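S.K.: Converting from the sequence shown to my numbering requires adding 13 to each position, the first position being numbered 1. Every residue, glycine too, gets a C-beta built ideally from N, C-alpha and C. Just so you know, these numbers come straight off a predicted model, no measurement behind them.
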Amino acid sequence: MNRELLEAQLAELPLYQYAFIRTRDLCFSERIRWICEHECPMYNQTWACPPAVGSVEECRVRCLEFDEALLIATITEVGDIANIDETLATRAPHEEITRQVAELLRAQGAEVMALSTEACAECARCAWPSGPCLRPERMFPCVESHGIVVTDLAERTGIDFYAEGNLVTWFSLLFFR
Ligand code: SF4
Numbered sequence: 014m015n016r017e018l019l020e021a022q023l024a025e026l027p028l029y030q031y032a033f034i035r036t037r038d039l040c041f042s043e044r045i046r047w048i049c050e051h052e053c054p055m056y057n058q059t060w061a062c063p064p065a066v067g068s069v070e071e072c073r074v075r076c077l078e079f080d081e082a083l084l085i086a087t088i089t090e091v092g093d094i095a096n097i098d099e100t101l102a103t104r105a106p107h108e109e110i111t112r113q114v115a116e117l118l119r120a121q122g123a124e125v126m127a128l129s130t131e132a133c134a135e136c137a138r139c140a141w142p143s144g145p146c147l148r149p150e151r152m153f154p155c156v157e158s159h160g161i162v163v164t165d166l167a168e169r170t171g172i173d174f175y176a177e178g179n180l181v182t183w184f185s186l187l188f189f190r
């Protein structure tokens, strides 16, 4: 991996911040899964969410097959963060940047597993659970679906996380080897 080239390419993207992490430093929490199951309306709705992604332990094993990962964050100012439509409209550009970063890693010969934001919204109606994912090349499981507390990870890696004002922050975690 030519880290210098990658960082030069990352500097060309509208990223807010990024950090390389060792996957052994990740924390996997059953409590996050409990929140998915009991508080998220997307639970059991797409291949990107539990239970389709497997147990937290299965997710942990899958993640730890990679030694390293790249945490990326984008930040967008909206007029009113309480306006859900406006806030969610910032998500698609973040997903596109996640795809671009994955391609940069792949261009260097890396195998990549990317986790990103919320439930998958690629298809008008998800094929889960009756059939296989229709666009696996574009589907990113949600970071939290794997039991990873992304805001905690951001804090520990020095990424500023603003939970106030009209700033929308999205995170993706790209495992690579
Ligand atoms: S790509 Fe389509 S089928 Fe696959 S998880 Fe997303 S919405 Fe579901």
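Let me know the secondary structure DSSP gives Ser185 once reduced to three states.
M.R.: Strand.
S.K.: Using the DSSP secondary-structure output, state which residues sit across from Arg35 in a beta bridge.
M.R.: Note: Arg35 sits in a beta bridge opposite Glu81.
S.K.: If we ignore side chains and look at the alpha-carbon of each, how far apart do Gln30 and Ala86 end up?
M.R.: Answer to the nearest angstrom: the Cα atoms are 5 Å apart.
S.K.: Within the same chain, show all residues whose beta-carbon is closer than 6 Å to that of Thr89, passing over the 5 residues directly before and after it, in chain order.
M.R.: Hits under 6 Å: Thr103 and Val181.
S.K.: Could you tell me whether any non-hydrogen atom of ligand 1 is closer than 7 Å to the CB of Ala105?
M.R.: False, no ligand heavy atom lies under 7 Å from that Cβ.
S.K.: Which residues in the same chain have their Cβ closer than 6 Å to the Cβ of Val163, if we skip the five residues on either side of it in sequence?
M.R.: Contacts found: Val156 and Phe184.
S.K.: Drop a sphere of 10 angstroms on the beta-carbon of Cys139, count the other beta-carbons inside from all chains shown, and report buried for 16 or more, exposed for fewer.
M.R.: Flag for Cys139 reads buried.
S.K.: Please check the pair Ala132 and Leu84, which I expect to be a contact at CB under 8 Å, by giving their CB distance rounded to whole angstroms.
M.R.: Going by Cβ atoms, the distance from Ala132 to Leu84 rounds to 20 Å, so no, they are not a contact pair.
S.K.: Suppose contacts are defined by Cβ-Cβ distances below 8 Å. Is His159 in contact with Leu128 by that definition?
M.R.: Against a cut-off of 8 Å, the Cβ pair of Leu128 and His159 comes out as a contact.
S.K.: With a Cβ-Cβ cutoff of 8 Å, do Ala82 and Leu18 count as a contact?
M.R.: No; because the gap between Cβ atoms is not below 8 Å, this pair is not in contact.
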